[in-house]
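S.K.:
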Amino acid sequence: MLQTISPDLLPFITTVINGSLTSGHVPTVVKKARIITILKKPALDPSDISNYSPVSLLSFLSKILKRVVCNQLSDYLMQNNLHDPNQSGFKAAHSTENALLAVTEKLHAARSAKLSSVLILLDLSAAFDTVNHTTFLFTLRGLGICGTAWEWFASYLDGRSYQLSYLKDNGGHMETTRTVQGFL
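All the letters of the sequence shown, read from the start, carry residue numbers 89 to 272 under this note's numbering.
Pasting the structure below:
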């Protein structure tokens with residue numbers, strides 16, 4: 089993304105991002121999203137709204153700021169040994185294959201030790217959409233994220249808005265307290 093923009097804009101982008109991080113304030117323009125709907129599978133009935141997935145489109149500045157913060161947060165969690173060792177999602181060089189391999193190894197070890205195993209799988213449908221902001225901020229504080237960094241996350245979550253586009257119709261901007269996938 090940065091490779092395609094004019095080098096003349098880089099100082100401006102750097103100033104905005106550094107200003108946001110040092111002040112603990114997120115500019116309103118970064119908190120706006122356009123949500124489009126995408127048909128989950130081509131064979132599904134396009135007239136049934138439940139066959140669509142919402143996708144949050146963010147400005148390039150929002151994406152850059154989000155990437156910077158995600159990298160810093162991930163580094164902080166790794167340096168302070170705060171990542172759950174069983175976590176594979178949202179972790180560099182890890183995927184669902186890592187999780188599957190870990191479960192398979194534990195099942196094989198239990199079988200070798202002649203132990204019984206039970207595997208319970210849950211599909212937490214739309215779990216990401218129900219992230220409670222207060223709980224999220226409380227969790228960050230519990231991980232030692234405080235001061236300006238904590239204020240930045242609180243600012244990022246406050247006053248977010250979105251515009252829904254569905255089948256070429258655009259609605260007005262609406263404030264949200266929910267977390268749309270791709271927005272956090």
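The C-beta atom is built at its ideal place from N, Cα and C for all residues, glycine as well. Treat the numbers as computed from the prediction; the structure is a model and nothing was measured.
Could you tell me which residues DSSP pairs with P142 in its beta bridges?
M.R.: In the sequence shown, residue 142 corresponds to position 54, counting from 1. Note: P142 sits in a beta bridge opposite T125.
S.K.: Nearest CA to the CA of L98: which residue from S249, S183, L153 and L127?
M.R.: Start at 1 with the first residue of the sequence shown, and residue 98 comes out as number 10. Looking at the Cα atoms, L153 is the closest of the given residues.
S.K.: Taking just the CA atoms, how far does D163 sit from C234?
M.R.: Here residue 234 refers to the residue found at position 146 of the sequence shown. Here residue 163 refers to the residue found at position 75 of the sequence shown. Going from the Cα of C234 to the Cα of D163 covers about 16 Å.
S.K.: Thinking C-beta only, is K151 closer than 9 Å to N276?
M.R.: No information on residue 276 is available, as it lies outside the stretch 89 to 272 that the chain covers here.
S.K.: For a test of the three-state rule: what should DSSP assign to P95, helix, strand or coil?
M.R.: Sequence index remark: in the sequence shown, residue 95 carries index 7 (1-based). Of the three classes helix, strand and coil, the one that applies to P95 here is helix, per DSSP.
S.K.: Count the other C-beta atoms from every protein chain shown that fall within 10 angstroms of the C-beta of I126, then say buried if there are 16 or more, exposed otherwise.
M.R.: Along the sequence shown, read from residue 1 onward, the residue named residue 126 stands at position 38. Exposed, by the Cβ-count rule.
S.K.: On a CA-only basis, which of L207, Y244 and D246 is nearest L188? Give me that one, please.
M.R.: Against the sequence shown, residue 188 aligns to sequence position 100. With distances taken between Cα atoms, L188 lies closest to L207.
S.K.: State buried or exposed for S243, treating a residue as buried only when at least 16 other CB atoms are found within 10 Å of its CB.
M.R.: Along the sequence shown, read from residue 1 onward, the residue named residue 243 stands at position 155. Buried, since its Cβ has 16 or more Cβ neighbours within 10 Å.
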